[in-house]
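First comes the structure, then the notes that go with it.
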Amino acid sequence: MAIEEQQTITLASTEVSDAYQVELTVRDSLSGTVATVSLSWSQTQDLVDELLKTNADAVSAFWEDRAQQSGVVHAFDQGVPRCPECVAGKCRNCDGTAWDGAVDKLTQCGCAHGPVAA
22 MAIEEQQTIT LASTEVSDAY QVELTVRDSL SGTVATVSLS WSQTQDLVDE LLKTNADAVS
82 AFWEDRAQQS GVVHAFDQGV PRCPECVAGK CRNCDGTAWD GAVDKLTQCG CAHGPVAA
C-alpha cells in the first residue's frame, strides 16, 4: 500500500509594494529559505531582459547538445538564416521561411527540422 501526495510549492512570486516597486520573493526548494528583494522599474526590466536572454541561451544550448548527440546539424551552427520561431527554440512552429539579412530578402529557413505538418 502506498500513500501519495502531490504538493505545489511557489518558487517565486511578485507583487507591487506601497512604494510602487516590484517585490520579488524567491524560495529555495531544498532549504525552504525565502528572500524578498525590492526592485525599481528599470531593475525589473533588466531582470526580465536577463531572464529572457538566459532562457534563450539555455534553449540554444539544449538544441546544440542534442544535435551533437544525434548528429543533426542545425542552422545556427552553420550561420544560415533562421526564422524567429527557430531562434526561440520553437522549431515545431517553423513555416519554412526566414529573412536573410545579408541579401535583404525572404529565403528558406535553415532549420534542420523544417515546417512540421499539422
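For reference, each letter of the sequence shown is one residue, going 22 to 139 in this note's numbering. Even glycine gets a Cβ: it sits at the ideal position worked out from N, Cα and C.
Count the other CB atoms within 10 Å of the CB of residue 138; is the residue buried (16 or more) or exposed (fewer)?
The pLDDT assigned to residue 138 is 46, lower than 50, so where the model puts this residue is not dependable; a value taken from the coordinates is nonetheless given after this. Residue 138 is exposed by the Cβ-count criterion.
With a CB to CB cut of under 7 Å and the five nearest residues on each side skipped, what residues in its chain are close to residue 38?
Closer than 7 Å at the Cβ level, and outside the excluded window around residue 38, lie 44, 59.
Start and end of the alpha helix (DSSP H) containing residue 106?
Its alpha helix (DSSP H) spans residues 105-108.
Which class does residue 81 belong to by DSSP, given the choice of helix, strand or coil?
Residue 81 falls in the helix class under three-state DSSP.
Taking residue 118 as part of the beta strand (DSSP E), name the residues at either end of that continuous run.
Counting along the chain, the beta strand (DSSP E) containing residue 118 begins and ends at 118-121.
Hey, could you find the ends of the beta strand (DSSP E) residue 56 is sitting in?
Its beta strand (DSSP E) spans residues 55-60.
Taking Cβ to Cβ, would you say residue 32 is nearer than 8 Å to residue 47?
Yes, they are a contact pair.
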